[in-house]
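Chains A and B are the protein sequences, given in the same order. Taken in order, the first sequence gives residues 1 to 309; the numbers are from the UniProt record's numbering. Taken in order, the second sequence gives residues 1 to 307; the numbers are from the UniProt record's numbering. By construction, the Cβ of each residue, glycine as well, lies at the ideal position given by its N, Cα and C atoms. These numbers come from a predicted model, not from an experiment. Input: a single structure, listed below in structure tokens.
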Amino acid sequence: MRKGQYRFVAGFLLVPVALYLIFVIWPYIQTFGYSLTDWKGQSQTFSFVGLDNYEALFRDDIFMGAIWHNILFLVFIPVITILLALFFAFMLNAGGRGRAGGVSGVAGSKFYRVVYFFPQVLSLAILAVLFRAVYRSDGGGMLNGALVKLGLVDADRPVEWLNEPDFVLWALIVVVVWHGVGFYLVLFSAAMQSIPKDIYEAALIDGASRGQSFFRITLPLLWDSVQTAWVYLGIAAMDMFILVSTMTSGEFGGGPDHHSEVMATVMMRNFLYYGKSGYACAMGVIMLLLTLILSVVMLRATRRERIEF
Amino acid sequence: MSAPLKETAPPPAGRTSAKAPAKAGERRGEGVTLNAFSHGFLALWALMIVLPLLWLVLSSFKTDAQIAGSAFGWPENWTFDVFSRAWEKGIGDYFLNTVVVLVFSVPLTMLFGSMAAYVLARYPFPGNRFLYYFFVAGAMFPVFLALVPLFFMVKRLDMLNTYQGLILVYVAYSMPFTVFFMHAFFRTLPTAVFEAAILDGASHTRTFFQVMLPMAKPGLISVGIFNTLGQWNQFILPTVLMQPQSGDDPERYVLTQGLIQLQQQQGYASDLPVLFAGVTIAMIPMLVVYLSFQRQVQAGLTSATLK
Chain A
1 MRKGQYRFVA GFLLVPVALY LIFVIWPYIQ TFGYSLTDWK GQSQTFSFVG LDNYEALFRD
61 DIFMGAIWHN ILFLVFIPVI TILLALFFAF MLNAGGRGRA GGVSGVAGSK FYRVVYFFPQ
121 VLSLAILAVL FRAVYRSDGG GMLNGALVKL GLVDADRPVE WLNEPDFVLW ALIVVVVWHG
181 VGFYLVLFSA AMQSIPKDIY EAALIDGASR GQSFFRITLP LLWDSVQTAW VYLGIAAMDM
241 FILVSTMTSG EFGGGPDHHS EVMATVMMRN FLYYGKSGYA CAMGVIMLLL TLILSVVMLR
301 ATRRERIEF
Chain B
1 MSAPLKETAP PPAGRTSAKA PAKAGERRGE GVTLNAFSHG FLALWALMIV LPLLWLVLSS
61 FKTDAQIAGS AFGWPENWTF DVFSRAWEKG IGDYFLNTVV VLVFSVPLTM LFGSMAAYVL
121 ARYPFPGNRF LYYFFVAGAM FPVFLALVPL FFMVKRLDML NTYQGLILVY VAYSMPFTVF
181 FMHAFFRTLP TAVFEAAILD GASHTRTFFQ VMLPMAKPGL ISVGIFNTLG QWNQFILPTV
241 LMQPQSGDDP ERYVLTQGLI QLQQQQGYAS DLPVLFAGVT IAMIPMLVVY LSFQRQVQAG
301 LTSATLK
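Right, dumping it as structure tokens:
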């Protein structure tokens with residue numbers, strides 16, 4: 001490469017790399033260092049405490065409970081979302097009455113695709129306000145209002161969706177699923193549409209039912225997208241900060257009585273509220289480790305032979 | 001392509017020509033029930049998406065007493081006062097803060113992101129691969145890992161609760177996806193055009209801005225929409241970086257933060273219609289962007305995940 005080109009390359013890379021280093025990479029690296037200190041964040045004085053923060057984390061019942069809640073989210077959010085999205089995507093693309101024995105999408109599938117995707121462009125803050133109104137614990141809440149109208153719930157004792165330890169996690173899962181299904185539906189739809197139609201037709205001629213053609217043809221050919229969806233939903237389930245911190249009670253959420261706590265809310269509370277910066281950094285490192293383990297495990301567990309077509 | 005075909009059920013062994021019509025009739029019946037069945041579920045889910053949103057918008061026309069009383073009352077007086085009240089109660093400021101930040105952060109993201117992606121995609125130099133992975137790796141780590149040091153970094157630069165601080169942070173955190181996406185795009189552009197421009201005496205910089213960047217327009221639009229949506233909806237970064245540092249500081253909350261702030265104030269002074277009106281106001285630009293760029297939004301967000 002000529003000398004002028006080096007100058008050009010360096011010139012173009014200078015600002016992006018500098019910004020990225022200062023605001024992303026360097027903080028990532030610093031976290032590991034700070035997690036070994038008892039830094040309070042108020043001043044630059046802190047001392048090295050080794051692995052004390054990590055040791056304390058394992059004795060912190062709230063954080064351990066939070067990990068447990070994240071794991072629950074990790075199990076249920078991807079499974080429910082992917083199943084619903086697959087179901088709807090298959091309906092949209094192959095649910096129609098095929099003329100001449102073929103397979104076609106239902107009428108109005110464009111409309112459904114537009115509507116289903118809409119929650120995806122709303123911010124999670126809007127979702128939080130919306131679903132707090134839906135889950136209101138009096139007759140004014142959409143859910144309680146409907147249940148009272150149907151006579152399933154006593155108007156004087158409506159359900160406290162977000163304040164009931166047994167319900168709060170499920171209430172949150174519903175929001176995430178409501179938000180995510182449309183996106184994964186579009187993702188799966190795109191993959192389904194790239195499957196050649198003659199495969200289905202061949203299967204139909206061979207006498208396959210729709211169920212069979214779904215499980216034997218669509219699903220195996222979609223496996224790559226399902227795997228991607230799984231990893232992304234898993235990462236989302238490890239986070240959950242916005243919904244938990246804004247919908248549940250307590251400083252940075254987590255209520256009632258820490259029953260909906262996730263790692264991110266415990267971390268933010270320790271950092272911004274208690275000022276325990278070093279301790280919060282240790283939580284950040286644990287979150288990173290769990291996320292990495294999760295990605296590797298999920299990619300391994302869902303690995304299949306890749307099918308080309 | 002033979003693998004999945006082999007998996008399909010073989011034709012039933014004892015199938016005779018006499019059985020065939022019955023089989024076809026069965027299938028038609030299956031098609032009809034399935035059609036009704038699928039329409040039912042599809043319509044139900046569509047209702048479950050639309051109804052809560054409509055209900056929320058309608059609620060902004062109600063009074064507090066009406067909201068608390070019954071979930072399904074119809075608003076009695078259709079006045080738009082509540083929207084101007086919401087605007088004055090802070091939504092206007094939050095909205096403007098968000099717009100100010102995005103007006104700078106989105107173009108800067110696009111500019112720096114495509115510059116880095118372009119150089120990495122088309123100029124071989126030692127360390128090219130390393131730099132590319134260095135950029136892309138950032139997408140793998142949870143943002144929580146960086147939050148504490150990031151706060152102190154921005155504080156040391158004296159940029160807490162300032163627009164420029166948040167703008168720079170947004171640009172930096174949008175880098176991984178932008179570089180990744182545009183890198184793939186610049187690779188597909190024909191080399192001949194580039195060579196022709198250089199032969200005609202254009203400098204590398206000029207070739208980039210006047211030839212390559214315009215050719216990458218479809219990619220730029222997708223990434224642009226994605227970054228706009230992502231930065232408009234960002235909540236965690238402003239929560240940490242946009243807090244007034246002392247009582248005299250102005251509130252520079254962005255819209256997402258402001259809505260949550262309004263929601264939390266409801267505990268003290270109840271004015272729910274204002275909150276719902278605020279949400280409606282916040283929803284409208286997103287709805288407009290989405291409906292007008294619906295295809296690109298879906299394509300952009302999907303390709304973001306597919307890689």
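query	result
Contact set between the region 83-95 of chain B and chain A, restricted to residues whose Cβ is under 7 Å from the partner	none
Residues bridged to A/Thr37 (per DSSP)	A/Phe48
Interface residues of chain A facing B/Gln294 [CB-CB closer than 7 Å]	Val114
Where the alpha helix (DSSP H) through B/Asn233 begins and ends	First-last for B/Asn233: undefined, no H or E at that position.
Straight-line Cα distance separating A/Ala190 from A/Ala237	24 Å
Spatially closest choice to B/Tyr173 from B/Asn161, B/Asp64, B/Ser203 and B/Met110, by CA coordinates	B/Met110
Short-range partners of chain A found in the region 42-65 of chain B, where Cβ spacing is below 9 Å	Leu42, Ala43, Trp45, Ala46, Met48, Ile49, Val50, Leu51, Pro52, Leu53, Trp55, Leu56 and Ser59
Closer than 7 Å at the beta carbon, the chain B residues around A/Ala85	Result: empty, since nearest Cβ-Cβ is about 10 Å, beyond 7 Å.
Under the three-state DSSP convention, the category A/Asn163 falls into	coil
Local conformation of B/Thr178 per DSSP, three classes	helix
Neighbour flag for A/Ala100 against chain B, beta carbons, 8 Å	At A/Ala100, the pLDDT of 45 sits below 50, so the modelled position is not reliable; the number obtained from the coordinates is stated separately. With 8 Å as the cut-off, A/Ala100 does not count as an interface residue toward chain B.
8 Å contact criterion, which B/Ala116 and B/Phe135 should meet: CB distance rounded	7 Å
Collapsed DSSP secondary structure at B/Lys89 in the structure displayed	helix
Min CB distance B/Tyr232 to chain A below 8 Å	Note that residue 232 of chain B is Trp in the sequence shown here, rather than Tyr. Interface residue, yes.
Spatial distance of B/Leu229 from A/Val121 (CA atoms)	7 Å
Limits of the alpha helix (DSSP H) - the one that A/Leu21 falls within	Here A/Leu21 belongs to no alpha helix (DSSP H), and DSSP marks it neither H nor E.
Cβ pair count under 8 Å reaching 3, the region 217-237 of chain A against the region 289-304 of chain A	yes
Unbroken alpha helix (DSSP H) run spanning A/Ile126, endpoints	Leu124 to Val134
Contact the region 191-203 of chain B vs the region 123-139 of chain B: 3+ CB pairs below 8 Å	no
Neighbour flag for B/Gln164 against chain E, beta carbons, 8 Å	No chain E is part of this structure, whose protein chains are labelled A and B.
Per-residue burial, A/Arg300 [other beta carbons within 10 Å of its own, 16 or more giving buried]	exposed
8 Å contact criterion, which B/Tyr118 and A/Phe12 should meet: CB distance rounded	7 Å
Min CB distance A/Val226 to chain B below 8 Å	no
Straight-line Cα distance separating A/Gly207 from B/Ala24	Residue confidence is low: B/Ala24 scores 48 on pLDDT, short of 50, so the model does not pin down where it sits. No coordinate-derived value is stated.
Cβ shell of A/Gly65 (< 7 Å), same chain only, five flanking positions each side left out	His258 and Glu261
Contact set for A/Arg132: own chain, Cβ-Cβ below 7 Å, skip 5 residues either direction	Met247
Contact list for A/Ile82 against chain B, beta-carbon separation under 8 Å	None at all; the shortest Cβ gap to chain B is about 13 Å.
A/Met192 at chain B interface by Cβ criterion, 8 Å	no
Beta carbon proximity, B/Ser246 to chain A, threshold 8 Å	no
CB contact check: A/Ala282 to chain B, cutoff 8 Å	no
Unbroken alpha helix (DSSP H) run spanning A/Asn93, endpoints	Asp61 to Ala94
Neighbouring residues, chain B, relative to A/Val186 (Cβ below 7 Å)	Gln298 and Thr302
Straight-line Cα distance separating A/Val115 from A/Val17	39 Å
Beta-carbon proximity list for A/Ala100, same chain, < 8 Å, skipping 5 on both sides	Because the pLDDT at A/Ala100 is just 45, under 50, the model does not fix this residue reliably, and the value given afterwards should be weighed accordingly. Cβ within range, chain order: n/a, list empty.
Where A/Pro27 meets chain B, residues with beta-carbon distance less than 7 Å	Ala146, Pro149, Leu150 and Met153
Among B/Gln210, B/Val274, B/Trp45 and B/Leu220, nearest to A/Leu92 - alpha-carbon criterion	B/Trp45
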